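*Asks:*
Residue numbers (the working numbering): 133 to 405.
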């Protein structure tokens with residue numbers, strides 16, 4: 133099997149159905165002949181997503197009775213995946229023609245490449261900023277104090293998304309990786325339940341000597357953070373705990389000064405919501 137596509141759904145039935153339809157419309161034959169497979173994990177959605185997903189007899193469907201978080205749900209899919217390559221795909225995306233073929237061909241032709249990402253487009257066709265450098269501690273302060281102009285290098289604001297280049301940390305909204313490397317790394321670190329699991333994974337890929345590339349002419353449409361927008365205080369607390377965990381792991385004692393900033397931001401965002 134060439135490719136396993138993994139989608140985690142949490143209360144995004146409308147977007148997930150559009151994403152699956154785009155995959156089916158473009159690659160029905162590859163799914164029906166077993167060259168591709170689609171694995172969908174539902175994290176105890178309350179929007180009747182499971183009723184829709186159960187009807188799709190050509191997908192592999194996992195229904196969780198509670199929400200274990202994004203990382204654990206992805207790991208459930210990755211552990212049963214049979215493809216040479218594994219694609220982690222956001223539920224709020226629509227695949228455009230030629231996208232998967234271009235990414236698969238790049239991995240086939242570049243044996244030193246471990247994973248690839250593609251261009252994410254807003255509904256109006258403009259490119260999203262989905263690639264970043266690995267964050268330094270100062271970048272956390274700038275990000276969570278909303279001093280975004282000071283993060284231009286970290287955010288790669290200089291990059292026009294108009295050429296294929298090696299990158300450090302692409303979003304796992306679309307992340308196609310060699311399955312053997314993911315197995316070697318034991319997939320996502322499930323301590324990061326919702327956020328920074330992708331940053332941590334990319335860090336560990338580079339620690340093995342692997343490389344990650346952004347493919348400029350492979351494109352998907354991305355509506356953007358549809359699941360996290362629905363998060364209440366309890367889930368947002370987990371999200372901010374993930375952020376702090378990452379910086380404590382990378383920078384140790386120095387990261388403790390980030391804690392009150394994150395706590396204040398959590399309270400502010402929750403009150404605004």
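Heads up, the beta-carbon is just placed ideally off N, CA and C, and yes, glycines get one too.
Here the structure is a predicted model, which means the values were calculated and not measured.
(1) Under a three-way DSSP split, which group does residue 354 fall into?
(2) Would you tell me roughly how many angstroms separate the C-alpha atoms of residue 152 and residue 389, rounded to the nearest one?
(3) Run through DSSP, which three-state label would residue 377 get?
(4) For residue 247, report the span of its alpha helix (DSSP H) as first-last.
(5) May I ask you to report which of helix, strand or coil DSSP gives residue 168?
(6) What distance in whole Å lies between the Cβ atoms of residue 245 and residue 147, which are believed to be in contact at a cut-off of 8 Å?
(7) Can you list, in chain order, the residues of its chain with a C-beta nearer than 8 Å to that of residue 214? Leave out the 5 residues immediately preceding and following it.
(8) Does the Cβ-Cβ distance between residue 194 and residue 173 come in under 8 Å?
(9) Please look up how many angstroms separate the CB atoms of residue 323 and residue 377, rounded, as I've assumed it's under 8 Å.
(10) Just how far apart, CA to CA, sit residue 371 and residue 274?
(11) Quick one: using the 10 Å Cβ neighbour count with 16 as the cut-off for buried, is residue 178 buried or exposed?
(12) Report yes if the CB atom of residue 320 is closer than 8 Å to the CB atom of residue 203, and no otherwise.
(13) Could you give the distance in angstroms between the alpha-carbon of residue 237 and the alpha-carbon of residue 243?
(14) Is the separation between the beta-carbon of residue 138 and that of residue 206 shorter than 8 Å?
(15) Just tell me which of 398, 306 and 220 has its CA closest to the CA of residue 353.
(16) Terminal residues of the continuous alpha helix (DSSP H) containing residue 208?
(17) Please name the residue or residues paired with residue 390 in a DSSP beta bridge.
(18) Candidates 336, 232, 181 and 158: which alpha carbon is nearest residue 300's?
(19) Considering only their Cβ atoms, is the gap separating residue 262 from residue 302 smaller than 8 Å?
(20) Taking the alpha-carbon positions, what's the residue 218 to residue 311 distance?
(21) Can you grab the Cα-Cα spacing for the pair residue 393 / residue 285, in whole Å?
(22) Around the C-beta of residue 142, are 16 or more other C-beta atoms found within 10 angstroms, so that it is buried, or is it exposed?
(23) Jot down the residue ranges of each uninterrupted alpha helix (DSSP H) in the segment 256 to 322, minimum 4 residues, whole runs only, in chain order.
(24) How would you call residue 230, buried or exposed, if buried means at least 16 neighbouring beta carbons within 10 angstroms?
(25) Go ahead and label residue 270 buried or exposed: buried means 16 or more other beta carbons lie within 10 angstroms of its beta carbon, across all protein chains shown.
(26) Can you have a look at residue 249 and say buried or exposed, based on whether 16 or more other CB atoms are within 10 angstroms of its CB?
(27) Thinking C-alpha only, which one of 369, 216 and 166 is nearest residue 81?
(28) Apply the 10 Å Cβ neighbour rule to residue 325 and answer buried if 16 or more other Cβ atoms are within range, or exposed otherwise.
(29) Mapping DSSP to helix, strand and coil, what is residue 136?
*Replies:* Let's see:
(1) On the chain shown, position 222 is the one that residue 354 refers to. Reduced to three states, the DSSP call for residue 354 is strand.
(2) Walking along the chain shown from the start, residue 152 turns up at place 20. Walking along the chain shown from the start, residue 389 turns up at place 257. The alpha-carbon atoms of residue 152 and residue 389 are separated by roughly 43 Å.
(3) Here the question's residue 377 lines up with position 245 in the chain shown. In the three-state scheme derived from DSSP, where H, G and I count as helix and E and B as strand, residue 377 is classed as helix.
(4) Within the chain shown, residue 247 is the residue found at index 115, counting from 1. For residue 247, no alpha helix (DSSP H) segment is defined; the enclosing uninterrupted segment is the beta strand (DSSP E) at 247 to 253.
(5) Within the chain shown, the letter at position 36 stands for residue 168. In the three-state DSSP reduction, residue 168 falls in the strand class (E or B).
(6) Counting from 1 along the chain shown, the entry for residue 147 is found at position 15. Counting from 1 along the chain shown, the entry for residue 245 is found at position 113. Incorrect: roughly 29 Å between the Cβ atoms, too far for contact.
(7) If you number the chain shown from 1, residue 214 lands on position 82. If we look at residue 214 and ignore the five residues flanking it on each side, its Cβ neighbours are 133, 136 and 169.
(8) In the chain shown, residue 194 corresponds to position 62, counting from 1. In the chain shown, residue 173 corresponds to position 41, counting from 1. Result yes, Cβ atoms of residue 194 and residue 173 sit closer than 8 Å.
(9) Residue numbering aside, residue 323 sits at position 191 when the chain shown is read from its first letter. Residue numbering aside, residue 377 sits at position 245 when the chain shown is read from its first letter. About 6 Å separates the beta carbon of residue 323 from that of residue 377, a gap short enough to meet the 8 Å contact definition.
(10) The sequence position of residue 371 within the chain shown is 239, counting from 1. The sequence position of residue 274 within the chain shown is 142, counting from 1. Approximately 18 Å between the Cα atoms of the pair.
(11) Along the chain shown, read from residue 1 onward, the residue named residue 178 stands at position 46. Exposed is the call here.
(12) Taking the chain shown and counting its residues from 1, one reaches residue 320 at position 188. Taking the chain shown and counting its residues from 1, one reaches residue 203 at position 71. Taking 8 Å as the Cβ cut-off, residue 320 and residue 203 qualify as a contacting pair.
(13) For this step, residue 237 is matched to residue 105 along the chain shown. For this step, residue 243 is matched to residue 111 along the chain shown. Rounded to whole angstroms, residue 237 and residue 243 show a C-alpha spacing of 11 Å.
(14) Taking the first residue of the chain shown as 1, we reach residue 138 at position 6. Taking the first residue of the chain shown as 1, we reach residue 206 at position 74. The answer is yes: Cβ separation under 8 Å.
(15) Counted from its first residue, the chain shown places residue 353 at position 221. Among 398, 306 and 220, the Cα nearest to that of residue 353 is on 306.
(16) Reading the chain shown from its first residue, position 76 is the one you call residue 208. Looking at the DSSP string, the run of the alpha helix (DSSP H) that includes residue 208 is 202 to 212.
(17) Here residue 390 corresponds to residue number 258 of the chain shown, with the count starting at 1. None, per the DSSP bridge assignment.
(18) The residue labelled residue 300 in the question sits at position 168 within the chain shown. Measuring C-alpha to C-alpha distances from residue 300 to each of 336, 232, 181 and 158 identifies 336 as the nearest.
(19) Translated into positions along the chain shown, residue 302 becomes position 170. Translated into positions along the chain shown, residue 262 becomes position 130. With respect to residue 262, residue 302 sits close: the two C-beta atoms are nearer than 8 Å.
(20) The residue given as residue 218 occupies position 86 in the chain shown. The residue given as residue 311 occupies position 179 in the chain shown. Straight-line Cα distance between these residues: approximately 6 Å.
(21) To locate residue 393, count along the chain shown from 1; it is residue 261. To locate residue 285, count along the chain shown from 1; it is residue 153. Take the alpha-carbon of residue 393 and the one of residue 285: they are about 22 Å apart.
(22) Here residue 142 corresponds to residue number 10 of the chain shown, with the count starting at 1. Classification of residue 142: buried, given that the 10 Å Cβ count is 16 or more.
(23) If only complete runs of 4 or more residues are kept, the segment 256 to 322 shows the alpha helix (DSSP H) at 269 to 276 and 311 to 316, in order along the chain.
(24) By 1-based counting over the chain shown, the position of residue 230 is 98. Around the CB of residue 230, fewer than 16 other CB atoms lie within 10 Å, so the residue is classed as exposed.
(25) Start at 1 with the first residue of the chain shown, and residue 270 comes out as number 138. Under this definition residue 270 is an exposed residue.
(26) For this step, residue 249 is matched to residue 117 along the chain shown. Residue 249 is buried by the Cβ-count criterion.
(27) Nothing in the structure corresponds to residue 81, since the chain is present only between 133 and 405.
(28) Here residue 325 refers to the residue found at position 193 of the chain shown. Buried: at least 16 other Cβ atoms inside 10 Å.
(29) Mapped onto the chain shown, residue 136 falls at position 4. In the structure shown, the three-state DSSP call for residue 136 is strand.
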